[in-house]
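Line order of the protein sequences matches chains A and B. Position 58, counted from 1, in the first sequence is what numbering that gives the first Met the number 0 calls 57; the numbers after and before it change by one each time, with no gaps. Position 106, counted from 1, in the second sequence is what numbering that gives the first Met the number 0 calls 105; the numbers after and before it change by one each time, with no gaps. Even glycine gets a Cβ: it sits at the ideal position worked out from N, Cα and C. From a predicted model like this one, the values you see are computed outputs, not experimental measurements. Down below is the structure, laid out as structure tokens.
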Amino acid sequence: MGQFQDVQEFIRLARSAKTLADLRSLLEGTAKSFGFTYFMLGHHVNVIRGNLAHLSNYPVGFAEAMSKRRRFSDDPVMRACQTKTASFRWSELSSLIPLSPYQAEVLTNAERAGIGEGFTVPASIPGECLGSCSFAVRTGQAFDERILPAVQYVGSFAFEAARRLAQTDALTRDMTDGTPVLSPRQLDCLVLIAQGKSDVDTAQLLGLSKSTVHEYIENAKRKYGVASRVQLIIRTLFDNQLGFDDIIRH
Amino acid sequence: MLHVVTAKNRSRYDRLRDSMHRDRKSVFVDRLGWALEIADGEREIDQFDTPDAVYVIEADAEQRHLASLRLLPTTKPHLMSEVFPFLCEGEVPRGPDIWELTRLCVRPDLPRSEQQRLRGIVWHGALQFAFATGIRKFTGVTHAQFLSAVLASGLEVEPLGLPQNYAGSMIGAHVVHFGVDDMRREERKLGLASSFASAPALAATN
């Protein structure tokens, strides 16, 4: 089969994937068929929960060391995605962003862990947190440049499939992982509060009494175990109970 | 307000079209750096901006351009058939129910969230035009880096071939299939009443 037919087949299978585990094994097989050993697909956030996606087959030791380190923006690949929306090779990183000593160290550690040259397809979606899909060969190996157009599409369609599946998972999951679930009315109040409305204005807009609005918000704070409204809004955004779109567009 | 500019009514829209071509220049040439010909130094107009083109344009109260896109019948010469046929692995898709969607442009000096809203409005306008006239598919050439955003909108996008490097960017040809569900989703996003509630005949055509 030609590369384009491979991509079409990947798209078909990614669309019909029922779980993130299905997608993970599909992605692993596809990465191998293009000559890559490793892949990493995910939203660029510190802790994966709610409806955010993360799939990777990086060596366990390296992945753990990375997640214990500081912010994800210290990851040179993710940092580069903030300034570049087109795909890039990791060997180009130093020309894309000024590499901090820490970022240079991350690259060296990756090399030591056996992760060599890579190719990243950023996923920039307005109103959502950044994500990307990367593929890498073993240290000392190289990939064939001619596969990159196909890999570009595999990356984009894989990310979309993961995004869809993570959302479905979040919707159907019994929230036994401890993520609090706010009621629609609580979220209505929170959107208006996040837009800077007072309790009085919020109450008027929603046809509620001021004390009810106050109660909704206080209950939501209790569910999350946070002390301030700012913390509450940040947590609901982080868990994607609210999107930036909800707050900015209404 | 949304306007659909066609061969029949285009003479009424000279001023609006003019401000669209000026914004197209500032977006595609000044900001995105596309190597397009700018005939008079101020307006981006190409060989497909003919009376055959249909424009969906959102205008402000002074009839100035806010956002727009261009639709071309694929039964006539269009961007994909004349400039980018090499992006299609097979034949360039053509037919009376397939139109090419190009030059989606939003006035650049607006806040990002407003740009996003306006993009939704003209896209919804394109869907309305499609349902009213029997168009079933849109084709188009897209920069690979924008693909994630298009896919995230929920549309069913099929690539027509592998992306290729063109003037420093990776671009690819696509076809978009759409249905009533896509229309409803756009209406929910925009907070509009459903077009289909009041126009069952339109829904029945799908």
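The way I'd put it, the stretch 26-43 of chain B doesn't touch the stretch 59-71 of chain B; fewer than three beta-carbon pairs between them come closer than 8 Å.
With a cutoff of 7 Å on beta-carbon distance, threonine 138/A and glycine 154/A are scored as not near each other.
Taking C-beta atoms as the reference points, histidine 173/B and proline 158/B count as a pair closer than 7 Å.
Taking 8 Å as the cut-off between beta carbons, the residues of the stretch 140-174 of chain A near chain B are Pro148, Ala149, Gln151, Tyr152, Ser155, Phe156, Phe158, Glu159 and Arg162, in sequence order. Between the alpha carbons of alanine 79/A and isoleucine 96/A lies a gap of roughly 6 Å. Neighbours of alanine 122/A in chain B, taken as residues whose beta carbon is under 7 Å from its own, are Ser147 in chain order. For the C-beta of valine 6/A, the chain B residues within less than 9 Å are, from N- to C-terminus, Pro158 and Leu161. Annotation for glutamine 163/B: the continuous beta strand (DSSP E) segment containing it runs 163-165.
Under the Cβ criterion (8 Å, minimum of three pairs), the stretch 51-61 of chain A counts as touching the stretch 155-169 of chain A. CA-to-CA, the gap between histidine 43/A and serine 25/B works out to about 32 Å. Boundaries of the beta strand (DSSP E) harbouring valine 140/B: 136-142, taken from the DSSP string. Taking C-beta atoms as the reference points, leucine 161/B and proline 121/A fail to come closer than 7 Å. Non-local C-beta neighbours of valine 190/A in its own chain, meaning closer than 8 Å and more than five positions away in sequence, comprise Leu241, Asp245, Ile246 and His249, ordered along the chain. Shown here is that no member of the stretch 41-59 of chain B has a Cβ falling below 8 Å from a Cβ of chain A. When DSSP assignments are scanned along the stretch 9-48 of chain A, the uninterrupted stretches of alpha helix (DSSP H) that are 4 or more residues long and fall wholly within it turn out to be 19-32. Distances from the alpha-carbon of glycine 153/B to those of Phe177/B, Val91/B, Val28/B and Glu61/B put Phe177/B closest.
Scanning Gln4/A, Val212/A, Leu204/A and Ala202/A for the CA closest to the CA of glutamate 88/B turns up Gln4/A.
Excluding its 5 nearest sequence neighbours in each direction, valine 3/B has C-beta neighbours in its own chain below 7 Å: Val53, Val55, Gly124 and Phe128, listed in chain order. Where arginine 187/B is concerned, there is no enclosing beta strand (DSSP E), although the alpha helix (DSSP H) around it starts and stops at 179-189. Close CB contacts of leucine 186/A within its chain, under the 7 Å cut and outside five residues either way in sequence, are with Gln240 and Leu241 (chain order).
For valine 149/B, the CB contacts under 7 Å within the same chain, skipping 5 residues up- and downstream, are Thr141 and Val156 in chain order. Counting of Cβ neighbours within 10 angstroms places threonine 49/B among the exposed residues, the total staying below 16. When only Cα atoms are considered, phenylalanine 130/B and threonine 29/A end up about 38 Å apart.
The beta carbon of lysine 196/A sits closer than 8 Å to those of Leu204, all from its chain and outside the five residues before and after it, given in chain order. One finds Phe3 in chain A with Cβ atoms closer than 7 Å to the Cβ of glutamate 88/B, taken in chain order. Cα atoms of serine 18/B and arginine 23/A: separation of roughly 48 Å, rounded to the nearest angstrom.
Residue pairing by DSSP places histidine 2/B opposite Ile56/B in a beta bridge. Where arginine 93/B is concerned, there is no enclosing alpha helix (DSSP H), because DSSP gives it neither an H nor an E. For proline 76/B, the three-state secondary structure derived from DSSP is coil. For phenylalanine 87/A, DSSP records a beta bridge to Thr119/A. Scanning chain B for C-beta atoms nearer than 7 Å to the C-beta of isoleucine 247/A yields Ser112, reported in chain order.
At least 7 Å separates the beta-carbon of threonine 138/B from that of methionine 182/B. Annotation for proline 158/B: the continuous beta strand (DSSP E) segment containing it runs 155-158.
Under a criterion of Cβ atoms nearer than 9 Å, the residues of chain A adjacent to alanine 143/B are, in order, Ala85, Ser86, Val120, Pro148, Gln151, Tyr152 and Ser155. Arginine 137/A sits in a strand when the DSSP states are folded into three classes. Assigned with DSSP and collapsed to three states, serine 67/B falls in strand.
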